[in-house]
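Novice: Just dropping this structure here.
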Amino acid sequence: MSDAVADPTGLPKGAIAPAAGPKLDHGIHPGGVIAFLLVLVAGLAYALYSLVTDMNAVGQSPLAIGAFVLLGLALLIALAFEFVNGFHDTANAVATVIYTHSMPPLVAVIWSGAFNFLGVMLSSGAVAYAIVTLLPVELILQVGSSAGYAMIFALLIAAILWNLGTWAFGLPNSSSHALIGSVIGVGLANQLMAPEGQATSGVDWAQALGVFKALLFSPVIGFIAAALLLLALKFTVRRKDLYEAPKGETPPPLWIRSLLILTCTLVSFFHGGNDGQKGMGLIMLILIGAAPTAYALNRTMSDDTTPAFIQTSQNASTVFASHAGNAPKPDAAEARKQVSEALKTKDLNRPAVYGALAALSTDIADNVKGYGAIKQVPAAATSNLRNDMYLAADAIRLLPKNGATFSEAETGTLKAYTGLLNDGTRYIPTWVKVCVALALGLGTMVGWKRIVVTVGEKIGKTHLTYAQGASAEMVAAGTIGLAELYGLPVSTTHILSSGVAGTMAANGSGLQMSTVRNMALAWVLTLPAAITLAGVLFFILRHVF
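Under the numbering used here, the residue at position 409 of the sequence shown is numbered 409, and the numbers go up by one with no gaps.
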């Protein structure tokens, strides 16, 4: 019989408590449920109020009941995507602080949701339109049509379905990956459904390739960088307690706890800034289609920018005219048609197209000059002017890829012109940011447990140490922040989970290959699954609307 005396924990006296998993099954206080529902209802009421106010401010005619219902449904689905994104992706951000007992689970989730909210509110909007430019140009120009609504519904529902499916199995899957696959599915279906002999732009594969590279390399960067950072910490920071797993449910020392909370905060903030924008871009497409007078042009632009806009438009017209040779300069309607067709066929580097772009740029300058400012453009002219500006900006973006060469001065002129065109057509109202931020933040507080368990327990064979958690999250925060700076959509899920795997490999802890295989399978299958789902849904919805 052993002489060891058991303490109240049931362990022999002097024994060290093993690393324990966190308690994730605390019940939710009724007050928390009520507060959640109140915020949800307040957010929806604020969206409705802001929408009606914006439309009244510019004299937008009241929408027919059917159009208003379609608009409301589209906005709800877009916000639902961000809500699902919140509880699916943000679980990765809180897994490390929960499994190192740095924060109680409920506190960690609320904390992460708050910083997701701030990340959305302070985001630039660059990522939002990186997603939009992947869509077929003809669907973007006619987003208020039945085809436009079919596009929006198909790609959002497909992404939501795939996210919910992977969440049900506890697999860390990328919402960005799912959304981009859905966009490609819609583009392919639109191309296949085009009548014989009618050109369609389909998928912008050059743009898609850039996005694929960001999605492909970011997990590799996460794995390698997190492993190297952990090794660097071991070499430079000689603190034994940093490289230990939690003992029982005891929180780590204050300095380690502060470090882990900081890294969780940064991942949450940058996740909101990057992922929140994906829904914003699609919401803006919905608003532009349903209420073009209020949202097709950026009516918040200052009147002070008008002279520069007019002059730069005229300068760009001169550049295009110099490359047009003897090609005629068509009227505005014909120019619009020629540029639109050239964008569909990806055949832009021709004198006739340069002549059409010269005419289009001149017409844009004349319109803004005639009205006095972008915000004074009347309702009847809003859609045409916005489409002309979008066509010109997209053509300038694609011309170098079509073999066009410009001098340094011409490149500078066209770059300045593109910036002003984008300023006039690419903006996100504050209320849209608030609603997306609320959806993402509230989503963080729901359904997070499955993914947290996978990241915290099922990637490595040993319990996550403090240094491993900090290394994975520091790399994730830095990678996501840089991606937002350059307007690239990346996956928080893939970066952080691969970072955890990298630290396990560097630490010699070993990996649970079944989980790694499932994660890799989800990563590989997401694109084809989302493409197929979105393509089929688009086909069905095109025959419904």
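Glycine residues also receive a C-beta, built at the ideal position from the N, C-alpha and C atoms.
This structure is a prediction, so every number in the text was calculated from the model and none was measured.
#1: Along the chain, where does the alpha helix (DSSP H) containing P105 start, and where does it finish?
#2: Roughly how many angstroms lie between the CA atoms of A472 and Y243, to the nearest whole one?
#3: Of all the beta strand (DSSP E) runs that stay within the bounds of the stretch 210-276, which reach a length of 3 or more residues?
#4: From which residue to which residue does the alpha helix (DSSP H) around Q314 run?
#5: Ordered along the chain, which non-local residues of its own chain (more than five positions away) have a Cβ less than 8 Å from that of D303?
#6: With DSSP as the reference, identify every bridge partner of L521, one or two as the case may be.
#7: Contact between the stretch 278-297 and the stretch 52-60: three or more CB pairs below 8 Å?
#8: From the DSSP secondary-structure annotation, give me the bridge partner or partners of G460.
#9: Does the Cβ of D394 have 16 or more other Cβ atoms within 10 Å, making it buried, or fewer, making it exposed?
#10: For L233, which option in R257, M474, T96, I495 has the closest C-alpha, if you only look at C-alpha atoms?
#11: Please list the terminal residues of the continuous alpha helix (DSSP H) segment that includes R299.
#12: Is Y295 close to the ligand COA? I mean its beta-carbon at under 7 Å from any heavy atom of the ligand.
#13: With 16 other CB atoms within 10 Å as the buried threshold, where does V56 fall?
#14: So the alpha helix (DSSP H) P351 belongs to, where does it begin and stop?
#15: Return the chain-ordered list of same chain residues with a C-beta closer than 6 Å to the C-beta of G113, the five sequence neighbours on each side being excluded.
#16: I think G273 touches G119, with their Cβ atoms under 8 Å apart; what is that distance to the nearest whole Å?
#17: Output the boundary residues of the alpha helix (DSSP H) element that contains V544.
#18: Using the beta-carbon count (16 or more within 10 Å), is E484 buried or exposed?
#19: Helix, strand or coil for N92 per DSSP?
#20: What is the DSSP secondary structure of N173, reduced to helix, strand or coil?
#21: Could you give the first and the last residue of the continuous alpha helix (DSSP H) run that contains L385?
#22: Exposed or buried, which one is Y49 when buried takes at least 16 other CB atoms within 10 Å?
#23: Could you tell me the alpha carbon to alpha carbon distance between S322 and L360, rounded to whole angstroms?
Specialist: Reading from the atomic positions:
#1: 105-121
#2: 14 Å
#3: none
#4: 306-324
#5: G372, A373, K375
#6: According to DSSP, which records beta bridges pairwise, L521 is partnered with nothing at all.
#7: yes
#8: L511
#9: buried
#10: M474
#11: Careful: R299 lies outside any alpha helix (DSSP H) and carries neither H nor E.
#12: Questions concerning the ligand COA fall outside what the structure shown contains, since it holds no ligand whatsoever.
#13: Looking at the sequence provided, one finds Asn at residue 56 rather than Val. Burial call: exposed.
#14: Taken as a continuous stretch (DSSP letters only), the alpha helix (DSSP H) holding P351 covers 351-371.
#15: G441, T444, M445
#16: Correct: roughly 4 Å between the Cβ atoms.
#17: Premise fails: V544 is in no alpha helix (DSSP H) and is neither H nor E.
#18: buried
#19: N92 falls in the helix class under three-state DSSP.
#20: coil
#21: 379-398
#22: exposed
#23: Distance between the alpha carbons of S322 and L360: 15 Å.
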